[in-house]
Amino acid sequence: MSQTTSHMFASEGAILRGALYLPQGNGPFPIVVLAHGFSAVAAQLEPQARAFAAAGFAAFVYDNPGFGLSGGSPRQEVDPVRQVRGYRDAVSYVRTLPGLDPERIAIWGSSFSGGHVLQAGAMDRRVRVVISQAPFISGWELIGGWPNAEDVIAMTQAEREARAAGAEPTVMRVVGKPDEPCALPGADGYAYFTGTGGPTWKNEITLSSLELARAHEPAKWIERLAPRPLLMIVADNDLVTPTAHALAAFERAGSPKQLVRVAGGHFDVYAGAGFDTATAATIAWLKAHLA
Numbered sequence: 003m004s005q006t007t008s009h010m011f012a013s014e015g016a017i018l019r020g021a022l023y024l025p026q027g028n029g030p031f032p033i034v035v036l037a038h039g040f041s042a043v044a045a046q047l048e049p050q051a052r053a054f055a056a057a058g059f060a061a062f063v064y065d066n067p068g069f070g071l072s073g074g075s076p077r078q079e080v081d082p083v084r085q086v087r088g089y090r091d092a093v094s095y096v097r098t099l100p101g102l103d104p105e106r107i108a109i110w111g112s113s114f115s116g117g118h119v120l121q122a123g124a125m126d127r128r129v130r131v132v133i134s135q136a137p138f139i140s141g142w143e144l145i146g147g148w149p150n151a152e153d154v155i156a157m158t159q160a161e162r163e164a165r166a167a168g169a170e171p172t173v174m175r176v177v178g179k180p181d182e183p184c185a186l187p188g189a190d191g192y193a194y195f196t197g198t199g200g201p202t203w204k205n206e207i208t209l210s211s212l213e214l215a216r217a218h219e220p221a222k223w224i225e226r227l228a229p230r231p232l233l234m235i236v237a238d239n240d241l242v243t244p245t246a247h248a249l250a251a252f253e254r255a256g257s258p259k260q261l262v263r264v265a266g267g268h269f270d271v272y273a274g275a276g277f278d279t280a281t282a283a284t285i286a287w288l289k290a291h292l293a
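In short: position in the sequence shown from 1, add 2, done, that's this note's numbering.
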């Protein structure tokens, strides 16, 4: 059983909170830094963190600014630029912790944060290995492809003007039942978030989060990752972060790289056979390039 301790560190003027999962035995241990995707919280990554610790890798999991146990405002605002910098601040923090090897650091992200690690890994020479799971690739392509894209753009522009005039941020559901408007429609997303979110997750984001996500283009950094090893895990029928976007980005990445396909949709990487496939591939990649 891994040892777990609570931690906090500063990032962009906020205090971010997380947990460190340590393997049994004596260090210094290689480290995997993890943060979750669109509105999700660190508690939802406990299965991954425990699996990595059981395999001999320290796992540091934290909440993004404005979410879960972390500080930061506006609350519930998905700001990808701030979140990418959060990864780099987390790397700085774990390099100061006793019992960890500051020269053997991997960053792991899934869904929205699966895109973050492409940019953070390209920017940060301290990162040795990058694991990108079901990644968000292009906000312009993704949101531009939504059936209601023009309505979303109009709403977010009106929201920008309202907030500039002093209005409080408008919030919307992350997931909802079939008759409820939300950012991530679908029964599988509703089941995942409501079933795993726990007490620190809130089913809301600011409307401005959609404008910020539309401007996020993490795949533009993918060519800059090499020679750091990239593992990309892609669901075969991903409708949330489209499979085709991820496969096209992976082709542009330099070596060393590996693509792992998981049967099913976006949320199948978090449970059942999909989780087992993704976790086993990640541990094998870490052992090959970080251990």
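Ideal Cβ placement from N, Cα and C applies to all residues, glycine included.
Item	Value
Beta bridge counterpart(s) of Ala61 as assigned by DSSP	Tyr23, Val34
Three CB pairs or more closer than 8 Å across the segment 238-248 and the segment 82-93	no
Endpoints, the alpha helix (DSSP H) within which Phe54 is located	48-56
Inter-residue spacing [alpha-carbon to alpha-carbon] between Asp126 and Pro137	19 Å
Nearest residue (CA-CA) to Phe40, options Val132, Gly116, Trp223	Gly116
Beta-carbon proximity check, Ile109 vs Val119, cutoff 9 Å	yes
Val96 vs Leu186 beta-carbon contact at 9 Å	no
Alpha-carbon spacing of Pro30 relative to Arg77, whole angstroms	36 Å
Enclosing alpha helix (DSSP H) for Ile285 [first to last residue]	274-291
Coil, strand or helix - Gln78 by DSSP	coil
Candidates Val86, Asn150, Ser113, of which the one nearest Val271 by Cα	Ser113
Cutoff 9 Å: Asp126 Cβ touching any chain C Cβ	Any reference to chain C falls outside this structure, which holds one protein chain only.
Extent of the continuous alpha helix (DSSP H) run through Thr297	Nothing about residue 297 can be reported from this structure: the residues present for the chain run from 3 to 293 only.
Boundaries (first-last residue) of the beta strand (DSSP E) holding Ser112	102-112
His9 - partner residues in DSSP beta bridges	Gly20
Meets three-Cβ-pair contact criterion under 8 Å: the segment 170-184 and the segment 203-211	yes
As assigned by DSSP and simplified to three states, the class of Lys259	strand
As assigned by DSSP and simplified to three states, the class of Val132	strand
Between the CA atoms of Ala122 and Gly88 - distance to the nearest angstrom	9 Å
Rounded straight-line distance, which links the Cα of Ala124 to that of Trp223	6 Å
CB-CB length for Ala42 against Trp203, believed under 8 Å	7 Å
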